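*Asks:* Can you read through this structure? Questions will come right after.
Numbering (our numbering), first residue to last: 57 to 242.
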């Protein structure tokens, strides 16, 4: 079996596991240094998939899920989140939620320690409004770069450029990303 297809199947399966409640543990994340390089334990690498400029046109996750098909080129906007650990330094995959769905941080008075898990939403809402993103390197393979060291964090708004993968049902949207732009406030 093709290693990329195997990785996609594993990532797809893991993305279907939803967290139904807030967790009280915390996650340590690293901030972006503002450029397209990342540093992990003294090593500096060029991040080929990190885009300086955002594409001018994009689709929201929920809207795209209604119409895209395997092989389509897409540009999506979303927020990193949808589960307790939506991204990891050890994986090229992460989850994004439709930007229209409020995280727990958007709810006044909510003191959830992990608002990026969207525990204030039902599992059905999370499934209908989330997408799995797998970042590819310049050779078309899942990147081995540390996404956190590259500056991505839970609740970041991102624009994703990539190709839609197999869609076994309407709630599954997996995109092989060749470009990721982290939007900044302002």
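No residue lacks a Cβ here, since even glycine has one placed at the ideal position from N, Cα and C.
Being a predicted model, the structure only gives us computed values, none of them experimental.
(1) Can you tell me whether DSSP reads residue 90 as helix, strand or coil?
(2) Using alpha carbons as the reference points, say which of 117, 116, 158 and 132 lies closest to residue 218.
(3) Of all the options 168, 231, 240 and 216, which has the alpha carbon lying nearest to the alpha carbon of residue 113?
(4) When you compare each of 236, 127, 138 and 107 to residue 185 by their alpha carbons, which one comes out closest?
(5) Express the C-alpha separation of residue 230 and residue 147 in angstroms, rounding to a whole number.
(6) Should residue 151 and residue 118 be called a contact, given that it needs their Cβ atoms to be closer than 9 Å?
(7) Nearest-angstrom Cα distance between residue 123 and residue 214?
(8) Mind checking residue 202: buried by the 16 CB within 10 Å criterion, or exposed?
(9) Whose C-beta lies closer than 7 Å to the C-beta of residue 222 among residues of the same chain, with five residues either side of it excluded?
(10) Once the 5 residues before and after residue 224 are set aside, which same chain residues still bring their CB inside 7 Å of it?
(11) The alpha helix (DSSP H) with residue 119 in it runs from where to where?
(12) In the DSSP assignment, find the alpha helix (DSSP H) that holds residue 113 and state where it starts and stops.
(13) Report back the beta-carbon spacing between residue 232 and residue 182 to the nearest angstrom; my notes put them in contact at under 8 Å.
(14) Return the CA-CA distance between residue 143 and residue 208, expressed in angstroms with no decimal places.
(15) May I ask you to list the residues that DSSP assigns as paired with residue 106?
(16) Can you check DSSP and say which residues form a bridge with residue 213?
(17) Nearest-angstrom Cα distance between residue 16 and residue 234?
*Replies:* In short, the structure shows the following:
(1) Note that residue 90 has pLDDT 41, beneath the 50 cutoff, so the model's placement of it is unreliable and no number is given.
(2) For the residues 117, 116, 158 and 132, the minimum Cα distance to residue 218 belongs to 132.
(3) 216
(4) 138
(5) 15 Å
(6) no
(7) 20 Å
(8) buried
(9) 126
(10) none
(11) 117 to 121
(12) Taken as a continuous stretch (DSSP letters only), residue 113 belongs to no alpha helix (DSSP H), as it is neither H nor E.
(13) No, residue 232 and residue 182 are not in contact; Cβ-Cβ is about 22 Å, not under 8 Å.
(14) 8 Å
(15) 236
(16) 135
(17) One cannot answer for residue 16 here, as it falls past the ends of the chain, which runs 57 to 242.
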